[in-house]
Each structure stands twice: as C-alpha cells, then as structure tokens.
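Asks:
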Amino acid sequence: MSDFAYRDGQLHAEEVPIPRIAEDVGTPFYCYASAGLKRRYRAFADAFAGLPATICYALKANSNLAVVRTLATLGAGADVVSEGELRRALAVGVPAAKIVFSGVGKTEGELALALETGILQVNVESESELEALSNLARARGVKARVALRVNPDVEAGTHEKITTGRKGSKFGIEVERVPGLYARAATLSGIEPVGLAVHIGSQITDLAPFRAAFARIAGLVAELRAAGHAVRRLDLGGGLGIAYGRETPPSPAEYASLVEAVIGPLEAELVLEPGRALVGDAGVLVTRVLHVKDGSTRRYVIVDAAMNDLLRPALYDAYHAIRLVQEAPAEAATAPVDVVGPVCESGDSFAVGRRLPPVGSGDLLVIDSAGAYGAVMASSYNSRPPAPEVLVKGTEYAVVRPRPDIDDLLGQDLMPDWLAAPGETRSRGAA
Ligand code: LLP
25 MSDFAYRDGQ LHAEEVPIPR IAEDVGTPFY CYASAGLKRR YRAFADAFAG LPATICYALK
85 ANSNLAVVRT LATLGAGADV VSEGELRRAL AVGVPAAKIV FSGVGKTEGE LALALETGIL
145 QVNVESESEL EALSNLARAR GVKARVALRV NPDVEAGTHE KITTGRKGSK FGIEVERVPG
205 LYARAATLSG IEPVGLAVHI GSQITDLAPF RAAFARIAGL VAELRAAGHA VRRLDLGGGL
265 GIAYGRETPP SPAEYASLVE AVIGPLEAEL VLEPGRALVG DAGVLVTRVL HVKDGSTRRY
325 VIVDAAMNDL LRPALYDAYH AIRLVQEAPA EAATAPVDVV GPVCESGDSF AVGRRLPPVG
385 SGDLLVIDSA GAYGAVMASS YNSRPPAPEV LVKGTEYAVV RPRPDIDDLL GQDLMPDWLA
445 APGETRSRGA A
C-alpha cells in the first residue's frame, strides 16, 4: 500500500493533492507521509513484539525533528552517530534509556555527552575508544554501558559503499579480537560491558547475510559466556532493505523470525537499528520539469531537483522510480528519457534511459522512495538551497523544514577585514 497514490488522475500524499503543496511551497520539496511512517514502524514493532527488543530508529536515515517525533511518539528509541543526532533525539523526547550511540569515530565531547545524558549504551569500535570512554566515565564517577561492535566478516550483498561488515572495512572489531577486548573492558573501572553490536551494511534484500552475521554473534556470545562474561544485550543493527525497483526484500516479520531462530535462544535483550525500512518508502521528492531537450541520441528531461537534493543516484547509481503527478492515460506511449538536474556534473542524473510518458516544461514529477538518505544527505552545492521538507497527515500538511533563503546562505560566509568594502558588515558576505 502506498501513501502516494493517484486519486482522480492526480498523485496525492495521503489525502492531499501534491500540486496543492507544490503551489504553496514551490519545488523541489521532500514530502513525507505520517501514515507511512506509522505503518512501517508498527509493522516492525509488531514483528518483534514477542522478543525483548528495543527499536532504536537510525536517525541518519532521516533526522527531521518532525519525523523523529512521529516515530518517537509510537515508541521508537534512537540510534545516533553524532552529537547533533543525539541532541535531535533528546529534543523530540526520545528517552535517554532508549538511545544507543554508534559510529566508528566519536569525539571526547560526544562520549562525554553520552555519559552525561545517561543513554542506554555506547557501541564501541576500537580499543582506543574504549580506553577514552573509560577515562571520561571515571572522571565523572560513572560506568559507561558498552557494547563492542563486531565486524563479523560477512558479505552483505549490497552496494560496495554501504557494506560495513567485511574484513578490511573500517567498522567494528574483528571477530578474533573481540574476546580479548571484552575481557579488557571488564577490567576497566569506567566500563560496564553489556554485550555486542553488529551492523553489516544497508539496503540488504536477502536474509542470508543477516543469518551469517547473527550466527557469528551467537558463536561469540557462547565463547564470551563460557569465559565468565554476562553478555546480556545484543544490538543487531539495521540494514533491512526496501523495494526501490524489483527487489523483494524480506518483510519485517521474516527478518524477526530469523532473529528469533538464531539469536532468540541466547535469551539476551535486543536492540534493533532500522533506518531505511521505517522511512524510505514514506517519502518522495517532488520536482518540476524545467525543460525538455532533444539530443541526437537522447532526450533530456531537465528538472529543478538535483544531486544536491538527492545524492543517491549520483553516489551509488541508485535506482529510484519516477512518476508523473498528473497520471498519464493508460494507453499513453512511453519513450526513454534521461531525467537530469541542473547541477554542472554529468553525475547529476536521476535516471538514464527511463521510459516515461510524454512530459513537458512545468509538469510535476515525483522521485519515489526518497524518505531515507535523501534530505539528510543534501547540500547547497552550486549554491542551491536544499529542498524543503513537508510532512503530511491525513488532510493536513506542514512545512517541517523550510527552503533556506539564498540571502541566509550568503550570510553564512564572513568577509575578512582586508577584503571588506567600506561600510560592508563583516557578517554579511555580499549585502
Ligand atoms: N546502524 C548503523 C550502525 C548504521 O551504520 C546504519 C546505516 C544503520 C543502523 C541504519 O541502516 P538502514 O536500516 O537504514 O539500512 N546513505 C546510504 C546508506 C548508508 C547507511 C549507513 N549506515 C544510502 O543512501 O543508501
């Protein structure tokens, strides 16, 4: 079921016609559906209802405060990887007891904030980080709850750039080193080792890599327990994929059954860190056609969204479905076009040779499944203000992040005295 469906030939976000939002907000813009967030969170939570699991939404997928609060209101915790994400989670009311802090390189300031806010656990990825955290905790007279992130050396079968659980990747601690480091953690007075964490990659559409990784974890737990450690909590990471095109990812229920089969017998508390699976399909990027240009070999549909708004196609050659907001008649002929943005790079392309019904200047298009790793990866490259974000709920919608004003973008730069024109304020680059 899609939250972005045609009604009377016009694409709607829940109950709201997309052209109405476009009229109001301008294009391009991200549009998220509350109902979609809710349904996907519920599906995930229901799948794990029989297990002692905390679902810590991975904020990196979409950290808009309104999105995070929508999920938090349903009971989600948070997986954060920076001070900024931790503060976002706390700002919308995620209880500290449901926040885990992941990431391969946390600063002292970030570790200190994790301790001061009393979050559930820090997922530690190196001996150096473990020692630093222990010292910070001792100085504060507390113990840091720590899970060691294991690199299980499994092939996730996903894009190279989002594979994280293989030997030779910067993430986690190699399996052979985990028992030694766990024992070391147990001796540090600032550390309370609570368990293990693992995350092998993202957009995984097959259960096999998860099975292999979880089996490695189960083996390690047995080994650690035999050595006398109480391993009580396992953080299984995120990574469950969605269908951008013809993929057939496992459902949350199938994924949960696997967890139950492989990890359930260990009787540990569980943490899950889904990102994309909760928000990816709950958002689209709406864009307007600026021009259609015919080359000798191809037709270019030039739109007003670009790689600075949605980087995934340029960075990972990612496929995103593209639809017309005004539904084309069923009998409309389609022809292959390249859908491209205005940025001065050949990589600024959303689709190559994509079959679309005829479109012309002014038509609205949506780029589907853009709720995850869309707005959060946006930049102002080419001095383009990144697309604003809109959240829909039933018949209502609200701008949840406005389009930055170009003057504000310019105002972020400072002019040194030796370049300032007479009377020009230092804080305003070009007035
Ligand atoms: N936990 C950890 C430790 C992670 O590194 C990630 C994602 C997640 C959870 C959430 O994974 P998910 O459930 O969303 O797959 N920008 C890329 C994806 C990068 C994922 C990074 N880590 C993309 O657009 O495909």
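Heads up: take any position in the sequence shown, counting from 1, add 24, and you land on the numbering used here. Glycine included, every Cβ here is placed at the ideal spot set by N, Cα and C.
1) Assuming CYS55 contacts GLU297 under a Cβ cut-off of 8 Å, what Cβ separation, rounded to an integer in Å, is found between them?
2) Work out the CA separation of ALA161 and ASP27 for me, nearest whole Å.
3) What would DSSP say about ALA455, mapped onto helix, strand or coil?
4) Please state the DSSP three-state secondary structure of LYS417.
5) With hydrogens ignored, establish whether the beta-carbon of GLU297 is closer than 7 Å to any heavy atom of the ligand LLP.
6) Along the chain, which unbroken stretches of the alpha helix (DSSP H) at least 4 residues long are found entirely within the segment 256-297?
7) By Cβ distance, which residues of its chain are closer than 6 Å to VAL40, with the 5 residues on each side in sequence left out?
8) On a CA-only basis, which of ARG208, GLY265 and SER407 is nearest ILE224? Give me that one, please.
9) Tell me whether ARG64 sits in a helix, a strand or coil according to DSSP, three-state version.
10) In chain order, which alpha helix (DSSP H) runs of at least 4 residues are fully inside the segment 361-423?
11) Taking the straight line between their C-alpha atoms, what separation do you get for LEU244 and VAL199?
12) Kindly provide the ranges of any beta strand (DSSP E) runs that are 3 or more residues long and lie completely inside the segment 188-261, ordered along the chain.
13) At the level of alpha carbons, what is the spacing between PRO52 and ALA210?
14) Are there 16 or more other CB atoms within 10 angstroms of the CB of ALA455, so buried, or fewer, so exposed?
15) Spell out the partners DSSP gives ARG29 in its beta bridges.
16) Quick check: the Cα distance between THR141 and LEU135, rounded to an integer number of angstroms?
17) Could you tell me which residues DSSP puts in a beta bridge with VAL91?
18) Given a threshold of 16 other Cβ atoms within 10 Å of its Cβ, counted over all protein chains shown, does ARG31 qualify as buried or as exposed?
19) Give me, in chain order, the residues of the same chain whose beta-carbon lies closer than 6 Å to that of PRO426; leave out the 5 immediate sequence neighbours on both sides.
20) Would LEU98 count as contacting chain C if we go by Cβ distances under 8 Å?
21) Report the option in LEU335, VAL255, SER403 and GLN436 whose CA atom is closest to the CA atom of GLY371.
22) Can you tell me whether LEU443 is helix, strand or coil according to DSSP?
23) Apart from the five residues on each side of it in sequence, which residues of its chain come closer than 7 Å, Cβ to Cβ, to ARG512?
24) By DSSP, does ASN14 sit in helix, in strand, or in coil?
25) Sorry if obvious, but does the Cβ on SER226 come closer than 7 Å to a heavy atom of the ligand NAP?
26) What separation, rounded to the nearest whole angstrom, lies between the Cα atoms of SER213 and LYS167?
27) Please work out which residues of its chain come closer than 7 Å, Cβ to Cβ, to TYR65, disregarding the five sequence neighbours upstream and downstream, and give them in chain order.
28) At the level of alpha carbons, what is the spacing between SER106 and GLY127?
29) My assumption, with CB atoms under 8 Å, is that GLU293 sits in contact with ARG257. Please give the rounded CB distance.
30) For the beta strand (DSSP E) holding ARG323, just list the boundary residues, first then last.
31) Which value, in whole angstroms, describes the spacing of the CA atoms of GLN436 and ASN332?
32) Just how far apart, CA to CA, sit ALA254 and PRO440?
33) If you reduce the DSSP assignment to three classes, tell me which class VAL146 lands in.
34) For LEU35, does the count of other Cβ atoms within 10 angstroms reach 16, so buried, or fall short, so exposed?
35) Leaving aside the five residues before and after LEU61 along the sequence, list all residues of the same chain whose C-beta is less than 7 Å from its C-beta, in chain order.
36) At what residues does the beta strand (DSSP E) containing VAL303 begin and finish?
Replies: Concretely, from the data shown:
1) Their Cβ separation, rounded to whole angstroms, is 25 Å, which puts CYS55 and GLU297 out of contact at 8 Å.
2) 46 Å
3) Caution applies to ALA455, whose pLDDT of 43 falls short of 50 and renders its modelled position unreliable; the value that the coordinates give is listed next. For ALA455, the three-state secondary structure derived from DSSP is coil.
4) If DSSP states are grouped into helix, strand and coil, LYS417 belongs with the strands.
5) For the ligand LLP, a non-hydrogen atom lies closer than 7 Å to the CB of GLU297.
6) You should have 276-286.
7) VAL416 and TYR421
8) GLY265
9) Correct three-state label for ARG64: helix.
10) Fully enclosed alpha helix (DSSP H) runs of 4 or longer: not present.
11) 8 Å
12) 215-222 and 257-259
13) Distance between the alpha carbons of PRO52 and ALA210 is about 52 Å.
14) Reliability of the predicted coordinates at ALA455 is poor, the pLDDT of 43 falling under 50, and no value is obtained from them.
15) One detail in the question is off: residue 29 reads as Ala in this sequence, not Arg. Answer is HIS36, bridged to ALA29.
16) Approximately 10 Å, taken between the alpha carbons.
17) DSSP, once it has assigned bridges, lists no residue as partnering VAL91.
18) exposed
19) PRO412
20) Given the protein chain composition of this structure (a single chain), no chain C is represented.
21) LEU335
22) coil
23) Shown here, the chain extends from 25 to 455; a query on residue 512 therefore has no answer.
24) As shown, the chain starts at 25 and ends at 455. That puts residue 14 outside it, with no answer to give.
25) Absence of the ligand NAP is noted for the structure shown, with the ligand LLP being the only ligands found.
26) Distance between the alpha carbons of SER213 and LYS167 is about 7 Å.
27) For TYR65, where only same-chain residues beyond five positions count, the Cβ hits under 7 Å are LEU95, LEU98, ALA100 and LEU302.
28) 8 Å
29) 4 Å
30) 323-327
31) 18 Å
32) Those two C-alpha atoms are separated by around 58 Å.
33) strand
34) buried
35) So the qualifying residues of the chain are VAL91, THR94, LEU95, LEU302, VAL303 and ALA306.
36) No beta strand (DSSP E) holds VAL303; the alpha helix (DSSP H) holding it covers 300-303.
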